[in-house]
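For the record, the sequence lines run as chains C and U.
Per numbering that gives the first Met the number 0, residue 0 is the first one in the first sequence, and the count goes up by one each step.
Per numbering that gives the first Met the number 0, residue 0 is the first one in the second sequence, and the count goes up by one each step.
For glycine and all other residues, C-beta sits at the position ideal for the given N, C-alpha and C.
Heads up: the structure comes next, in C-alpha cells.
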Amino acid sequence: MESDSLSRRSLLQAIAATLGAAALPWADIVEAAGQAHAHAAAQAGRAKVTFLTAAEAADVEAVAAQIVPTDDTPGAREAGVITFIDRAMATFLSQLAADYRAHLAVFQASCRVQHPGTTFASLSSEQQIAFLKTVDRTPFFESTRLLTMLGMFTAPSYGGNRDGIGWKLLGFEANHMFQPPFGYYDRDYPGFTLDAGPTK
Amino acid sequence: MSARTYRDTDVVDFVIVGSGAAGGVVARQLAQAGHSVVVMEQGPRVWPGGLEHDEMKHWYLGGITNDPVKNPQTFRDDPSKKALQTKLKPALWYGRAVGGASLHYTANYWRFHEIDFNERSVLGEIPGTGFADWPITYADLEKYYTQVEWEIGVSGLANASPFDPPRSKPYPMPPLPVKSSGVIMERGARKLGLHPIPSPMAINSVPYRGRPACVHCGFCHGFACEVLAKASSLTTVIPEAEATGRCEVRSESYVHRIDVNKQGRVTGVAFFDRLKRERFQHARAVVVSANGAETPRLLLMSANAQFPQGLANSSGLVGKYLMFNYNSRALAVFDHPLNEYKSVQVTRIVHDFYNSDPKRGFYGGGGMDARMGPQPATWAIRTATADGPKWGSELKAQLQEFTHQMHIAGHTTSLAMESNNVTLDPELKDAWGLPAIRTTYKDHPDDLATAKFLQDRGVEILEAAGAKRAWRAPITPSTLSVHLLGTCRMGNDPKSSVIDKFHRSHDVPNLFLCDGSSLVTSGRGQPTMTIQALAFRAGEHIAEFAKRGEI
C-alpha cells in the first residue's frame, strides 16, 4: 500500500520542519526512522487499524493517553481516540495523512535514539512523560494533540468520544433544546435597567 | 424549490453571483422590483431542518463552508514568501451553500457608528495605509439598517447604549434571555463605570415573520439554525425573492468568468453546473455578491485582452485592502457553572472603547462581547494550545472547567493595507482546475495593539465581576478569517476605488459588486449587519437605475 511507504523526501521535510524545536542528532534519526518503519510495517495487520500499522497505533495511542490521561475519570484511551485518528487519516482527513505519518516516523526515530531497542508505547509512564517534554513543540505532537481533542470531543460517529466519554468529562449535554436559566449567574437576574449601575 | 427556472439562452435582467447575506437581499429587491433574476450559488441547497450538531463536519470537513480539499487555498504573511497550502481549514472561510455565511454566522448585529464612515477625516492620514472615508455616511445608511432589523429580524433594546448612533425605529423584538456570561459582563463593567447593553442579534427572541423563537441549542456559531430562529438569507429573503415568480436560485453553480463584449459591457457569466459541465448564462447586468474573497477572485479570473488586469480593475485595487477584524480573548473561570454552551453566543456587549483615542498611542477601537466561543472540540483545541505546550493532568484539569469558563472577545478595527490582499495562486488549482485563492495578510501593529488594549479591559471586567482566575489568550498573527472585507472598496475616485457609492463598478457600467468587499473601513468586528444594509440600499438603487434605463 502506497500510504505505508514513507518517502525519503517527506521524511526530510518533516525533519526540516522540526529543526530548531530541539537539538537532536539528525543523522541518527534519519537512520533510525528507516529501521523503525521497517519494524512497524512488519507489525501491520495485528490491530484493527486501517491506516496506521499496529506499532504506529500503539505509539500514537500512548501519546494520546499522555495528552488526556486516565485517572479517576476516563481519558483518551477509553474514549477510543486511536480509532478516531486511524479513521481520520484513512478517510475524512486523508489530506493530512502523508505529513502525519512522516512526522510520526521522526517521533519514533527520536525516541529510539533516546531509548534504543524499544518503542514509545513500551516505556514506563514516567519515561514517556520525560521524553514528551523534549518533543512537545514538534509537528507530530501538535498534530496528535489536535487529533486527540477532535477524537475526544466530536460526535461518537467519527470513532472517538466513545459513549460520550469526552462530553461527560467537559460536562457538556448534547441536547437540542435548553431553557433559561442556563447557569448559576443568570438564575436570579433582575432584568436589564438603564440606570442600574454607576455612570462616569 | 425555485418557483421559476430560466434557460441558459434566456437573457435575464440580472445574474447575481452569490446567495449569502448580500446576494439574497439584492435578489429579493430586484425580483420584487419586477426583474428576472438568476442567483448563482457555488454550494448546495441544504434544508436547515436536515442539519445536525456535528462539529467535525461543520468545523473541519467543510460541511456548509468552503472545503480545504475541494477549494484549496494558500496563505503567506509576506509577499516575498511563497504561499503555503492551508490543509485543515481555509485561510478565508465562508459559507458555501444557499444562504452563504448567513447560515453559519454568530448573528451579532451591531450597526456601524457614524465614525466608521468618516474616521479618516476626523483622525487624519495614517501613513503606509489606505485609511479612507466612505463616499456615504451613516445617515445615508440609517433607513437600510432599520430595514434589516425589521425585514430580516433583529432582537435588541433600542437606546440602551449611550454610544449608539441615532435610529428611526426601535428593534422589532426584545433582547434574548441573558446568559451567565452576560450577567457577569454587565456586573463587572458597571463596577468599572462602563455601559454594558443587551446585544442586538439576528435571532428571534419571540416568533417573528413566520419563524419561531430560539430554543437555545447553543449551535449558532459555525452551524445553520435548524429551527430557523437565527435569520439567514436561505430562510428570509430568498423565499421572498422566489415567491415573486421571477427569481431562480441555481445551487451548485460555480461562476468562474464574467464575459464582456466589444463595448466593454458584461454579457453574462460562465459557470460549472453540478455535473461540472461548463455553461453560460446570458444577462443584461451582473451583480457579484460572492464575498470578500470570491468576488475579487472572480474579477481577477475574468481578465481578458480588454481588461488584462482583471475585470473592473483599472485601479489595480481589486483584491487589495483585505481586512479581517482581529479578536482577542480575555478568559476567566468562575466558582459556579455558567453552562455557556447553551443558547446564543452573545447576550451583552460593551461599546465604551468603540472610538479610537489618540491618547492610547495607536489607532483603533473596538466592541467587546461576552461569550463562550466555539463548541466542545474547538474549545478544547483552543484550551490546549492557548499558551505553549499543554497536556497531561494540567490540560485535563482545564478541560474540566468547560462549564465554568467564559471569555470576553475584543473585536478590533483593521487598517486597510495594500499588502493585505487576495490574489490568484500561480500554481495551486481547485477541483475544477481554477486558480486557488492566495491570501497575503499581516496585521497592522495598531490592530494588534488595539486587540491587546481590549483584552486588558476584558480582564479588568472579569476580575471586577469576581472571576476565580482571569487570563489572556496569546495575541498571535492572523492566519484565518471569516470576516472578508474591503477587497473591492467603494469610493468616488476611480483611481482609488473599485465601485462607486451605488456599487456600480467604475469600469464596467452593467457590473455591480455588493458584499463585504465593498467596505472602506472594517468597523469594529460585526460586519454582516452593515453588509446587509448596503445590500438593501444597492438593490433599491440598482432597480431605480434599471427603471430609468441607466444600466
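Distance between residue j and residue i (C-alpha atoms, nearest Å)
i: Asp12(U); j: Ile257(U); result: 15 Å
i: Thr133(C); j: Ala54(C); result: 21 Å
i: Ala383(U); j: Trp390(U); result: 7 Å
i: Glu60(C); j: Ile125(U); result: 53 Å
i: Asp272(U); j: Thr118(C); result: 52 Å
i: Val45(U); j: Tyr93(U); result: 15 Å
i: Lys467(U); j: Thr402(U); result: 14 Å
i: Leu484(U); j: Met322(U); result: 5 Å
i: Gly366(U); j: Asp351(U); result: 8 Å
i: Leu558(U); j: Glu185(U); result: With chain U covering 0 to 550 only, the question about residue 558(U) has no answer from this structure.
i: Phe270(U); j: Phe191(C); result: 51 Å
i: Lys500(U); j: Glu141(U); result: 15 Å
i: Ala534(U); j: Leu149(C); result: 38 Å
i: Ala242(U); j: Leu51(C); result: 53 Å
i: Asn117(U); j: Ile530(U); result: 17 Å
i: Ser120(U); j: Gly79(C); result: 59 Å
i: Leu131(C); j: Phe171(C); result: 29 Å
i: Pro115(C); j: Ala89(C); result: 30 Å
i: Gly217(U); j: Ser142(C); result: 28 Å
i: Asn65(U); j: Gly221(U); result: 12 Å
i: Gly19(U); j: Leu518(U); result: 16 Å
i: Ile541(U); j: Ser93(C); result: 46 Å
i: Lys229(U); j: Leu510(U); result: 31 Å
Listed by chain order, chain U residues near residue i by CB distance under 9 Å
i: Leu145(C); result: Leu87, Ile380, Ala383, Thr384
i: Met151(C); result: Pro375, Ala376, Ala379, Leu398
i: Gln113(C); result: What Gln113(C) touches in chain U: nothing, since even the nearest Cβ is about 18 Å away.
i: Ile128(C); result: Gly391
i: Gln285(C); result: This structure leaves residue 285(C) out entirely; chain C is present only between 0 and 199.
Per DSSP, cross-strand counterpart(s) of residue i
i: Ile348(U); result: Ile196(U), Asp368(U)
i: Asp258(U); result: Gly267(U)
i: Gln404(U); result: Val332(U)
i: Ser355(U); result: Per DSSP, none; premise fails for Ser355(U).
i: Gln280(U); result: Val268(U)
i: Tyr207(U); result: Arg210(U)
i: Thr49(C); result: DSSP, once it has assigned bridges, lists no residue as partnering Thr49(C).
i: Met322(U); result: Leu484(U)
i: Lys428(U); result: Pro434(U)
i: Phe583(U); result: Absent from the structure is residue 583(U), since the part of chain U shown begins at 0 and ends at 550.
i: Ile237(U); result: Paired residues: none, contrary to the question.
Contact belief for residue i with residue j at Cβ below 8 Å, rounded distance in angstroms
i: His194(U); j: Ser154(U); result: Contact flag wrong, Cβ pair sits at about 19 Å.
i: Asn290(U); j: Ala100(U); result: 7 Å
i: Ala188(U); j: Val349(U); result: 5 Å
i: Leu227(U); j: Arg210(U); result: 4 Å
i: Leu414(U); j: Asp445(U); result: 6 Å
i: Val236(U); j: Gly465(U); result: At roughly 44 Å, the Cβ-Cβ gap does not stay under 8 Å, so Val236(U) and Gly465(U) are not in contact.
i: Ser180(U); j: Arg370(U); result: 6 Å
i: Gly267(U); j: His281(U); result: 4 Å
i: Pro155(C); j: Ser392(U); result: Not quite, the Cβ-Cβ distance comes to about 25 Å (not below 8 Å), so this is no contact.
Contacts that residue i makes with chain C (C-beta to C-beta distance below 8 Å)
i: Tyr104(U); result: The premise fails here: Tyr104(U) is roughly 20 Å from chain C at the closest Cβ pair, so nothing lies under 8 Å.
i: Ser392(U); result: Pro68, Asp70
i: His335(U); result: Gly182, Tyr183, Tyr184
i: Met55(U); result: Phe91, Leu149, Thr153, Ala154, Tyr157
i: Thr402(U); result: Leu169, Gly170, Phe171, Gly182
i: Leu156(U); result: Phe191
Closer than 8 Å at the beta carbon, the chain U residues around residue i
i: His175(C); result: His52, Val214, Cys216, Glu225
i: Gln178(C); result: His215
i: Ala162(C); result: The sequence given here has Asp at residue 162(C), not Ala. Chain U residues near Asp162(C): none, gap ~15 Å exceeds 8 Å.
Neighbouring residues, chain C, relative to residue i (Cβ below 7 Å)
i: Ser179(U); result: Phe181, Gly182, Tyr183, Tyr184, Asp185
i: Val182(U); result: Tyr184, Asp185, Tyr188
i: Asn338(U); result: Phe181, Gly182
i: Pro176(U); result: Pro179
i: Ser342(U); result: Phe177, Phe181
Per-residue contacts from residue i into chain C (C-beta, under 9 Å)
i: Val68(U); result: Ser93, Gln94
i: Cys197(U); result: The question names Cys, but residue 197(U) in the sequence shown is Pro. Correct list: Phe191.
i: Leu433(U); result: Ordered by position in chain C, no residue passes the 9 Å Cβ test against Leu433(U), which lies about 18 Å from the chain.
Neighbouring residues, chain U, relative to residue i (Cβ below 7 Å)
i: Leu193(C); result: Ala159
i: Asp85(C); result: None at all; the shortest Cβ gap to chain U is about 15 Å.
>> Under 8 Å, with one C-beta from each stretch per pair, do the region 53 to 71 of chain U and the region 110 to 128 of chain U reach the 3-pair mark?
In response: Contact annotation: the region 53 to 71 of chain U does not touch the region 110 to 128 of chain U, with fewer than three C-beta pairs closer than 8 Å.
> Does the region 90 to 98 of chain C come close enough to the region 120 to 128 of chain C that 3 or more CB-CB pairs lie under 8 Å?
Replying inline: Because the criterion of three Cβ pairs below 8 Å is not met, the region 120 to 128 of chain C and the region 90 to 98 of chain C do not touch.
> Below 8 Å, can you find three or more Cβ-Cβ pairs linking the region 486 to 497 of chain U to the region 313 to 329 of chain U?
Replying inline: Flag = yes, the region 486 to 497 of chain U and the region 313 to 329 of chain U touch.
> Does the count of Cβ pairs from the region 172 to 182 of chain C and the region 332 to 346 of chain U closer than 8 Å reach three?
Replying inline: At 8 Å Cβ cutoff, the stretches touch.
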